[in-house]
Amino acid sequence: MSFLSRIMVLKSQAHFSAGVYNRFGGPSPAGLAIEGSRKKKSGQAKSRVGLLILGFMGVYAVIGGRLVEYAMKDQEVVSSILPPDRLMASRPDILDRNGEVLATDIRTVSLFAEPNKIVDADEAVEKLATVLPELDVKDTYKKLSVKTSHFAWLRRQLTPKQQSQILALGIPGIGFRPEKRRFYPGGSTAAHILGYVNIDNRGVAGMEKFIDDQGLADLASVGMTSDQPLEPVRLSIDLRVQNIVRDAVVNAVNNFQSKGAGAAVIDVHTGEVLAMASAPDFDPNDPQEGAKEGWLNRMTNGTFEMGSTFKTFSLAMALDSGKVKMTDSFDASKSIYIGGFTIHDFHGQRRWLTVPEIFQYSSNIGTARVIDIVGIDAQKDYLTKFGLLTKMQTELPEVKMPSQPRVWKKINSITISFGHGVSTTALQTGVAAAALVNGGKLIEPTFLPRTREQADEIATQVIKKTTSDEIRYLLDFNGYKGSGRVARVPGFGVGSKTGTADKVVNGRYSATLNFNSFIAAFPINDPRYAVITFCDEPKTGEKAYGGTISAGTAGPIAREIISRAAPILGIEPKFGEGGSALLVSY
């Protein structure tokens, strides 16, 4: 600004001041008029600003209300499916007894469409098929063509690569929803114990279903689960032993060309199942692949006549009743004829046999003589106490009820004494065998951790401890001198009993098809673990031990399991000459 211009401005300001204020410094009449006008205009301006603010607030309130309304409408549109938080609901991890992960959730996404937003259904289907070649084109087109529909699943549980490829297609009206998929790191290793889940991550079988039945499924159905991690569920299973057991039964199916095989390892003092496998099996990551044969858990959901392993229970009840002593002898010199049936021995000695010899030679005739002394009513009572005539109680949902004759006649009593006429599950047979060697206490099996103190609280004394000691002697004797030699692992003191049962085909016993079972306990001087194995309809076996009978098939399964698992379970080998110290007792 120039000097002159500045002077003009100063003069103008001075003139203004002179008009407003008098020479005494107070406001002049003209100044008072100007001041009133200014206050009036200021008040009007403030009113206008206030009205303007209120107007803007009203407009924004209307806009916000409409946005909330539209949001609520969108929620109603997709209410036919689970909201995202429920789709992401977690299942607890399943761990083995040592903390190894057996089952866990992994994040994935599923593909959906909003048919009302699809511009060209044909084009959308054609593009999707380039990424998902197995897509059902006809069904997908049908879903996308329903313009009144606001939601439709197209494919559940995509891979990250598939999601990326579909995103690149840029199809309007196509989206992804987060989900969780169950993953089993061990694949088939513990299939029948863990079970599997359906597409909605809900338990269908095994311990997965057990977990849901404890309340998880009910919580999920009412939307009370979340994507937050849940407390893991720890099982009694030892993954190391489980791998061994599964290997052994799969090898038996392949090597012996059998219809099926199974095995379990049980802690005799707690009832904990440390390992259990049934073959054929399936991969829980893709259960449909094993639907034909693999879904059947032959250890708990199949019942079989257990053959001569039942002689162990028959002699136990005879000794426990006090009517038979270990030193007693019975006539096994000739067959027994009763009700049109002939009872004979497979390894006939054709002479009188002591109780240990009846067990050693697996004499049907000798066992029949013994059970005749026990009586039918006492036999039924003991078998019921052993848990062999009732449904086994455990966490797995897949448990079959044993079968028995409607009316027990003398012929039924005799055949049942050596394992024909009553069908039970393999696992409950192993549990009953554990009771024979642990001091006489029946402990229901569990797939969850259980202490010895907790087991003692629920245990039922089924035979006297002295009887248990006598049975341990018989198992040891048979494992050293009888058919159980096949599973005698040096240093680990294995006591055992074989069982070979002819299978019933079209109402008659087959001369060529066997169901072979084997029970064992180790170390037999102070048993810690029981093993039950079976081999169903083998076509071959170890010739040195009789081929297709139990000693040549089910026995080798037990031998493989014990020889590999005993060191892992902390059993220290004890080497010495001859059999166990128990053998000097009688």
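Going by the working numbering, the sequence shown wraps up at 607, each residue one higher than the last. Even for Gly, the Cβ is constructed at its ideal location relative to N, Cα and C. Computed from a predicted model, the values in this text were never measured in an experiment.
Counting along the chain, the unbroken beta strand (DSSP E) around Asp126 starts and ends at 122-134. According to the DSSP assignment, Gln449 belongs to the alpha helix (DSSP H) that extends over 447-458. Thr415 carries a coil assignment under DSSP once its states are collapsed to helix, strand and coil. Listed in chain order, the non-local C-beta contacts of Gln370 below 8 angstroms within the same chain comprise Ala353, Glu378, Tyr382, Ser384, local neighbours out to five positions each way being set aside. As summarised for the stretch 540-595, the continuous alpha helix (DSSP H) elements at least 4 residues long and confined to that stretch are 575-589, given in chain order. With contacts defined as CB atoms closer than 7 angstroms, Thr554 and Gln278 fail to qualify as a contacting pair. Residue burial annotation: Gln449 is buried, with at least 16 other C-beta atoms found within 10 angstroms of its C-beta.
7 angstroms or more divides the Cβ of Gly512 from the Cβ of Ile287. DSSP lists Asp523 as the bridge partner or partners of Asn535. DSSP places Phe197 in the uninterrupted beta strand (DSSP E) bounded by 195-204. Contact between Asn459 and Ser489 holds, since their C-beta atoms are separated by about 7 angstroms, short of 8 angstroms. Under the criterion of beta carbons closer than 8 angstroms, Gly311 and Lys421 do not qualify as touching, at roughly 19 angstroms. The Cβ neighbour count for Trp316, taken over all protein chains shown within 10 Å, is at least 16; the residue is labelled buried.
CA-CA distance, Leu336 to Glu474, rounds to 29 angstroms. Only buried fits His290, as 16 or more other CB atoms lie within 10 angstroms of its CB. Spatial neighbours of Lys332 in its own chain (CB-CB distance under 6 angstroms, excluding positions within 5 residues in sequence) are listed in chain order as Thr388, Phe439. Taking Tyr403 as the centre and dropping the five residues before and after it, the same chain places the C-beta of Met338 closer than 6 angstroms to its C-beta, in chain order.
Residue state for Leu340 is assigned as helix, using DSSP reduced to three classes.
By the CB criterion at 7 angstroms, Lys462 and Ala454 fall outside the cutoff. One thing to note: Val510 has its Cβ within 7 angstroms of the Cβ of Ile583. Secondary structure remark: continuous beta strand (DSSP E) runs of at least 3 residues inside the stretch 319-392, in chain order: 324-326, 350-352, 357-359, 362-364, 373-375. The way I'd put it, the stretch 126-144 does touch the stretch 163-181; three or more beta-carbon pairs between them come closer than 8 angstroms. Of the residues Leu496, Glu465, Asp366, Leu132, the one whose Cα lies closest to the Cα of Arg198 is Leu132. For Lys401, the secondary structure class from DSSP, reduced to helix, strand or coil, is helix.
In the displayed model, Thr481 falls within a strand according to three-state DSSP. According to DSSP, Trp174 shares a beta bridge with Phe133. For Thr487, the closest of Gln400, Asn499, Lys346, Arg580 by C-alpha to C-alpha distance is Lys346. Collapsing the DSSP output to three states places Asp288 in a strand. Excluding its 5 nearest sequence neighbours in each direction, Asn264 has C-beta neighbours in its own chain below 7 angstroms: Thr210, listed in chain order. In this model, Ala579 and Val552 are separated by some 7 angstroms (Cα to Cα).
As computed with DSSP, Thr467 is found in a beta bridge with Glu293. Rounded to whole angstroms, the Cβ separation of Ile545 and Gly514 is 5 angstroms, and the two are in contact under 8 angstroms.
Secondary structure note for Gly227: its alpha helix (DSSP H) is the uninterrupted segment 227-232.
Straight through space, the alpha carbons of Gln178 and Glu200 are spaced by roughly 7 angstroms. Here Val218 is near Arg203, since their CB atoms are less than 7 angstroms apart.
Counting of Cβ neighbours within 10 angstroms places Glu314 among the exposed residues, the total staying below 16.
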